[in-house]
Structure formats: structure tokens, C-alpha cells
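97 is the number of the first residue of the sequence shown in this note's numbering; add one for each residue after it.
Beta carbons: idealized from backbone N, C-alpha and C, even for Gly.
This report refers to the structure that appears directly beneath it.
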Amino acid sequence: MIVLLEVSVRIIIMIALGFLLRKLNIIDEHIQKGLSNLLLYAALPMSILASSGYKMTPDLTQAMLVMAVISVVYYAFSLLVMNKISKHVSMNDKKRRVFVTMSVFANTGFLGFPLMSALYGDKGLLLAVVYNMAYNIFMYSVGVHMLSGEVGDYKKMILNPVSMASMVAIIIFISPFQIPELINTPITEIGALTVPLSMIIVGSGLAPIPIRRILVDKSAYLVSFFRLLMWPAIMMLVMFFLPIDTKTKAIAVLMTALPCGSMNVIFSEKYNCEPEFAARTVVQSMLLMSITLPLMILACHFICSAG
């Protein structure tokens, strides 16, 4: 538990640093975009590839298969439930569609990968990669369809840096091939940038947002309730009764407990589907995460271990 608390404090410090650097204009909008591209196209894929060197065992293979099933069931079930709930919420049609996707799709790549890596090492990252594959399948198909009314973007579901690195990592993991040490060392070192870089970017992204407008958005609070509390609580309850290892349980819960994903904003802007509401909700859930996520980490330590 002490280790988990230490990781939580480290993450908060890195987010605070990003916030401060943006407020001091050391990081501006252009640097922010450059850092995000560095994370997306270099650090994050390298971090995923570095995890492929984790030794394959029957237990880990089983954990990956279990995580695949858990994540697919979660997305299918949560989309169905949130679609039903949205019909009883007083919102216009576009806002209702954003409400559904924001409540279901978390920041599993940008935040989930570095967080699971920091908490649980390479095994945590591998299981997060498996979880995120289900995210890609549902976000680029059902998510895009909900926000646009069009057929899902299956090309982007596969041809993005995170998905491609994930597929390569899993192929390497299940094959007898191992990345040579001469190549693996720089891959690992570049991948090590993922955690500090991602948290600094998160903090920097929070700085320019008018806090007052975010704090009075009742619809955003409703999304944050489902995203940060209800779905993680349901996942935790299910994990308590499943006869699987504690680490897999905790990773499933924490990946479900992350704030709203930024892809919701990107697709909302692309399809003109309440992009301002999407942006406010992402930022609000990020702010609330500083309270809810440490609590979820502590709850996982006690409840998932007891199950």
C-alpha cells in the first residue's frame, strides 16, 4: 500500500509541475502540441514495445486472455446501459450522444499505460495494452457511429501508433523472438519518458481552462459520476467475486476508473457534436481524478486482495 501511495504522490507532483510550467509560459500551446506528439509517436509506442520483453508464462497468458474478455464485456455492457440511461436525461440529441461516449470511454492509453506501468511494471502495461485493444475496437466503431451517425473508422482503429505498437508487442511476446539488447535498451529508455511526459502534459492542459465554468457544469458532473465512480465500483464488485489473480483485478478496476478520454473531444469536434461540452467534461474529470483515483487505488488494495 505504501508503494501505491508513493506512486500517487509522484503522479500528482508531475501533474502540478506541468500546471506550473504552463502558468509560467515555459510551456505554451505549440510546445504542448509538440510534447503530445512526442508522447504519442515515440514514448508511448516505445514503452509498449519494451513491455514485450516480459517473460511469457502460462499465468500471464491466462491473465491477458481474461483481461481481453473483461474489457470486451465492459464496453459492450456499459454502452448498452448508458444508451438506455441517456434516454432519461434532459439533454439535446447531440449532447446525449456525447454523454454516452464520455461516460464509457476513458483515457486508457494516454493515462492508463503510464499509470499501470508505474504501479505494476511491464506486466501491468501488457494487461493495459490488452484492455486498450478493446477500447480501440469499440471507440472507432460504436463510438464514431454514435457521434457521427456514420460507419466506424476501422482504418484508424488499426493504423495508429498505439494500436500498431500493441500488436507488434503481443506478437513478439508470444513468439520465441526477443528484441536484441542493443536495440531494446534505447527502446526502454525512450519508453521511460512516458510517465513523466504524460503527467506533465495533463497538468499543462489543465492550466488555461477557466475553472469556474467547469465547476458549474452539472451535466459534466453527471458524466464524471458514471465515469469515475459508478463503472469502477461495478467493476470492483465483479472483480471481488472472480477467481483471478489480484493484480489482474486491480488493473481492470483502475483502467475503468480513469477520466474521460481525449478522443471523445477529437471526434466531437470532427463531427460537430457538442465539442465544448466534451472538452469541459474531460477537464472536469481530470480534476476530479486527483481525488477519486487515489481512493480507487486504496480500495483496490483492500477489496481486490480480499476477493
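Buried or exposed: which applies to residue i, given that a residue is buried once 16 or more other Cβ atoms fall within 10 Å of its Cβ?
i: residue 380; result: buried
i: residue 277; result: exposed
i: residue 208; result: buried
i: residue 172; result: exposed
i: residue 345; result: buried
i: residue 102; result: exposed
i: residue 128; result: buried
The alpha helix (DSSP H) that contains residue i, what's its start and end?
i: residue 308; result: 307 to 311
i: residue 217; result: 208 to 234
i: residue 173; result: 154 to 182
i: residue 331; result: 327 to 337
i: residue 198; result: 189 to 200
i: residue 299; result: 290 to 302
i: residue 344; result: 342 to 352
Just to confirm, are residue i and residue j a CB contact at a threshold of 8 angstroms?
i: residue 297; j: residue 114; result: yes
i: residue 343; j: residue 216; result: yes
i: residue 349; j: residue 332; result: yes
i: residue 294; j: residue 135; result: yes
i: residue 198; j: residue 356; result: yes
i: residue 291; j: residue 213; result: yes
Considering only the alpha carbon of each residue, which of the options lies closest to residue i?
i: residue 269; options: 315, 147, 330; result: 147
i: residue 302; options: 377, 160, 389, 392; result: 377
i: residue 274; options: 118, 145, 108; result: 145
i: residue 337; options: 182, 399, 244; result: 399
i: residue 185; options: 318, 392, 152, 124; result: 318
i: residue 260; options: 120, 244, 239, 225; result: 225
i: residue 281; options: 159, 125, 143, 122; result: 143
i: residue 40; options: 362, 341, 371, 384; result: Shown here, the chain extends from 97 to 403; a query on residue 40 therefore has no answer.
Please report how far the alpha carbon of residue i lies from the alpha carbon of residue j, in whole angstroms.
i: residue 241; j: residue 367; result: 10 angstroms
i: residue 396; j: residue 166; result: 16 angstroms
i: residue 286; j: residue 132; result: 14 angstroms
i: residue 123; j: residue 300; result: 7 angstroms
i: residue 205; j: residue 258; result: 8 angstroms
i: residue 233; j: residue 335; result: 23 angstroms
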